[in-house]
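In what follows, a single structure is set out as structure tokens and then discussed.
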Amino acid sequence: MRTLHDIATLRDTLDCERRAGRRIALVPTMGNLHAGHMALVTAARERADTVVASLFVNPMQFGPNEDLDAYPRTLEEDQIKLVEAGCGLLFAPYTAALYPNGLDAQTRVRAPGVSEGLCGGARPGHFDGVATVVTMLFNLVQPQVALFGEKDYQQLAVIRKLTADLHLPIEIVGVATQRAEDGLALSSRNGYLNDAERATAPALYRTLLAAKSALEAGEPAPAVLDQAIATLGAAGFSPDYVELKSAELDPVTPDTVDAVLLAAAKLGPARLIDNLRVRLGG
Ligand code: PAF
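Remember, the working numbering sits 24 above the position in the sequence shown when you count from 1.
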């Protein structure tokens, strides 16, 4: 597997792949790879001849008081994992290559509507940063298919919208959330948890499971969501939100059948997110 840091070499390399008729898949990441990322690479290999992973801790998607500096940078371990998973190429640009004029001067991409509320409410500007860097990566790699984890449900919706709105000829594939044995959704940020916090963390998943059961049994959503927030608080989390939306992230109406229950909560130094699909009206 080659690791490329500069844009010109990436473009030349991928031009060769395209001329050879190879179908290209992109797996964008911020590194510190875990089994969730490996599932993306595996799904990419099933859909393309050449798998390109990107590794870039994107400063534009971090707020001023967030964990940009603390975010784990583990390039060598990541390279080993990607080789083992069958990734063909790693694009690991430096910040100056993607944002040569600095963040303030950078043209931005914004997906209105779907970027608002939920994590977009708790992290202003976050999804503009995600949308901008993903659009840039799409333009640089020009993949036929790109893969993202369903754990970041709102992010996936933002990426689907920008791809459709900008008429990008890229298939967007969501890959199921990978979980530890105790149910905790895998995330690079789980590494911030100490032993006690790590033991508490699966309560987020368990709380969502209980809320899903209650909603599918026909209990009223406001009471179920309030109960979930109270449960998380009692377990030691500081919940940002627990919300029920349609699968497209619109408000739930009496006609909504396919819904999604989404939560974000801080636990010690980590902000954890998770979601579960819910079938209403049954
Ligand atoms: O999900 C992530 O790791 C990041 O938000 C992404 C999609 C790589 C953009 O920086």
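All C-beta atoms in this analysis are idealised placements derived from N, C-alpha and C, irrespective of residue type, glycine included.
Exposed unless 16 or more other CB atoms sit within 10 angstroms - verdict on GLY45: exposed
What are the boundary residues of the beta strand (DSSP E) that includes PHE313? The first residue shown for the chain is 25 and the last is 306, placing residue 313 beyond what the model contains.
Alpha carbons only, please: which of ASP282, LEU273, ILE48, THR98 is nearest the one belonging to ALA68? ILE48
Kindly indicate which three-state DSSP category ASP206 falls into: helix, strand or coil? coil
Should VAL138 and PHE151 be called a contact, given that it needs their Cβ atoms to be closer than 9 Å? yes
Throw me the rounded Cβ distance for the ALA238 and VAL248 pair, which I believe falls under 8 Å. A Cβ-Cβ distance of about 5 Å is found for the pair ALA238 and VAL248, placing them in contact under the 8 Å criterion.
When DSSP builds the beta bridges, which residues end up paired with ASP298? ALA287
How would you write the range of the alpha helix (DSSP H) that THR255 sits in, first residue to last? 245-259
Where GLU195 sits in the DSSP three-state scheme: strand
Helix or strand or just coil, what does DSSP make of PHE86? coil
Identify the continuous beta strand (DSSP E) that holds ALA227 and give its terminal residues. Taken as a continuous stretch (DSSP letters only), ALA227 belongs to no beta strand (DSSP E), being part of the alpha helix (DSSP H) at 227-240.
Do LEU38 and VAL165 have their C-beta atoms within less than 9 Å of each other? Contact: yes.
Mark GLY242 as exposed unless 16 or more other C-beta atoms lie within 10 angstroms of its C-beta, in which case mark it buried. exposed
Given the structure, does VAL319 come close to the ligand PAF, in the sense that its CB is under 8 Å from one of the ligand's heavy atoms? The first residue shown for the chain is 25 and the last is 306, placing residue 319 beyond what the model contains.
Using only alpha-carbon positions, find the residue among VAL81, ASN218, ALA32, GLY110 that is nearest to ALA63. GLY110
Ends of the beta strand (DSSP E) at THR201? Looking at the DSSP string, THR201 is not in any beta strand (DSSP E), and its letter there is neither H nor E.
Measure from the alpha carbon of ALA235 to the alpha carbon of each residue in PHE261, ALA200, VAL284, then state which is nearest. It is VAL284.
Under 9 Å between the Cβ atoms of PHE313 and HIS29? For the chain, the structure presents residues 25 to 306; residue 313 sits outside this window and is missing.
Contact set for ASN82: own chain, Cβ-Cβ below 7 Å, skip 5 residues either direction: MET54, GLY153, VAL157
Could you tell me the boundaries of the beta strand (DSSP E) in which GLY173 lies? 169-173
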